[in-house]
Amino acid sequence: KQEVTQIPAALSVPEGENLVLNCSFTDSAIYNLQWFRQDPGKGLTSLLLIQSSQREQTSGRLNASLDKSSGRSTLYIAASQPGDSATYLCAASGSARQLTFGSGTQLTVLP
Amino acid sequence: DTEVTQTPKHLVMGMTNKKSLKCEQHMGHRAMYWYKQKAKKPPELMFVYSYEKLSINESVPSRFSPECPNSSLLNLHLHALQPEDSALYLCASSQAATASLSYEQYFGPGTRLTVT
Numbered sequence: 034k035q036e037v038t039q040i041p042a043a044l045s046v047p048e049g050e051n052l053v054l055n056c057s058f059t060d061s062a063i064y065n066l067q068w069f070r071q072d073p074g075k076g077l078t079s080l081l082l083i084q085s086s087q088r089e090q091t092s093g094r095l096n097a098s099l100d101k102s103s104g105r106s107t108l109y110i111a112a113s114q115p116g117d118s119a120t121y122l123c124a125a126s127g128s129a130r131q132l133t134f135g136s137g138t139q140l141t142v143l144p
Numbered sequence: 035d036t037e038v039t040q041t042p043k044h045l046v047m048g049m050t051n052k053k054s055l056k057c058e059q060h061m062g063h064r065a066m067y068w069y070k071q072k073a074k075k076p077p078e079l080m081f082v083y084s085y086e087k088l089s090i091n092e093s094v095p096s097r098f099s100p101e102c103p104n105s106s107l108l109n110l111h112l113h114a115l116q117p118e119d120s121a122l123y124l125c126a127s128s129q130a131a132t133a134s135l136s137y138e139q140y141f142g143p144g145t146r147l148t149v150t
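Chains as they are written, first to last, in the working numbering: chain A, 34 to 144; chain B, 35 to 150.
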């Protein structure tokens with residue numbers, strides 16, 4: 034059974050700092066890995082999707098990488114802003130056509 | 035347009051009530067999902083519909099009854115719920131849900147359900 038872990042559980046950084054969020058998964062037989070953002074009490078906003086054949090995806094200040102062999106993905110946020118404060122979730126899609134979510138990293142960017 | 039809409043935004047119901055949650059998408063997606071999310075926990079999959087047919091039921095109690103009347107609409111009928119069922123209920127859709135292909139899932143804003 035797939036297990037997804039995100040470290041750290043919470044992170045607080047000053048505005049302007051570059052940061053990396055980590056995601057690890059136990060079963061490397063994934064179809065894709067998706068990063069989401071969730072604001073308190075809200076739904077999930079898809080940030081980036083990396084297919085299993087890809088190594089990375091970029092969108093604006095966000096860059097996500099995928100290393101299937103080591104079971105790891107990272108989300109890099111450049112020049113962080115207070116508006117980036119949210120919980121970031123990664124989710125792995127496997128053969129059961131289901132997304133397995135990590136528990137998330139709660140990010141606070143201090144002005 | 036990558037929007038998934040959900041109604042109502044908030045719902046308070048008693049344990050003897052019957053209510054329904056509604057989800058709609060107009061992206062032409064053929065897979066739709068219901069998730070349950072408790073506070074400070076990740077979403078947990080409840081049901082998957084693929085081409086309007088129920089393809090996955092994650093051992094959800096029968097007091098939750100999903101329905102997919104057409105490819106754009108997904109309902110979740112609620113009856114005789116328990117206080118522990120209080121949670122954020124999220125709907126999602128994707129282009130398809132086949133075993134060999136995997137597509138990006140788009141989520142709605144959720145319905146905050148409180149059972150009293």
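Backbone N, C-alpha and C fix where the C-beta goes; we use that ideal spot for every residue, glycine too.
At a cut-off of 8 angstroms between beta-carbon atoms, L79 (chain B) makes contact with chain A. Taking C-alpha positions only, P117 (chain B) is separated from T150 (chain B) by approximately 6 angstroms.
About 6 angstroms separates the Cβ atoms of Q67 (chain A) and E138 (chain B), confirming a contact at the 8 angstroms cut-off. A Cβ-Cβ distance of about 4 angstroms is found for the pair G142 (chain B) and Q40 (chain B), placing them in contact under the 8 angstroms criterion. T138 (chain A) sits close to Y121 (chain A), with the two beta carbons spaced by under 8 angstroms. Neighbours of S86 (chain A) in chain B, taken as residues whose beta carbon is under 7 angstroms from its own, are absent, since the nearest beta carbon is some 11 angstroms off.
The beta carbons of S98 (chain A) and L80 (chain A) sit no closer together than 8 angstroms. Residue pairing for H113 (chain B): DSSP places it in a beta bridge opposite B:K52.
The C-beta distance from S54 (chain B) to L122 (chain B) rounds to 16 angstroms, too long to meet the 8 angstroms contact threshold. Taking every protein chain shown into account, the CB of D119 (chain B) has 16 or more other CB atoms within 10 angstroms, so this residue is buried. Contact of E138 (chain B) with chain A by beta-carbon distance below 7 angstroms involves Q67, S79, L82. Only residues of its own chain outside the window of five on either side were considered, and among them N65, Q67 have a CB closer than 6 angstroms to the CB of L82 (chain A), listed in chain order.
According to the DSSP assignment, N104 (chain B) belongs to the beta strand (DSSP E) that extends over 98-104. Only exposed fits K52 (chain B), as fewer than 16 other CB atoms lie within 10 angstroms of its CB.
For H60 (chain B), the closest alpha carbon among the candidates B:W68, B:V38, B:S84, B:G144 is that of B:V38. Apart from sequence neighbours up to five positions away, the residues of its chain that approach S106 (chain B) with a beta-carbon distance below 7 angstroms are E58, Q59, H60, ordered along the chain. Non-local beta-carbon contacts of S45 (chain A) in its own chain, meaning distances under 6 angstroms to residues more than five positions away in sequence, involve T141 in chain order.
Contact check between the stretch 81-90 of chain B and the stretch 63-70 of chain B: three or more CB pairs, one atom from each, fall below 8 angstroms, which counts as touching.
When DSSP states are grouped into helix, strand and coil, G127 (chain A) belongs to the strand group.
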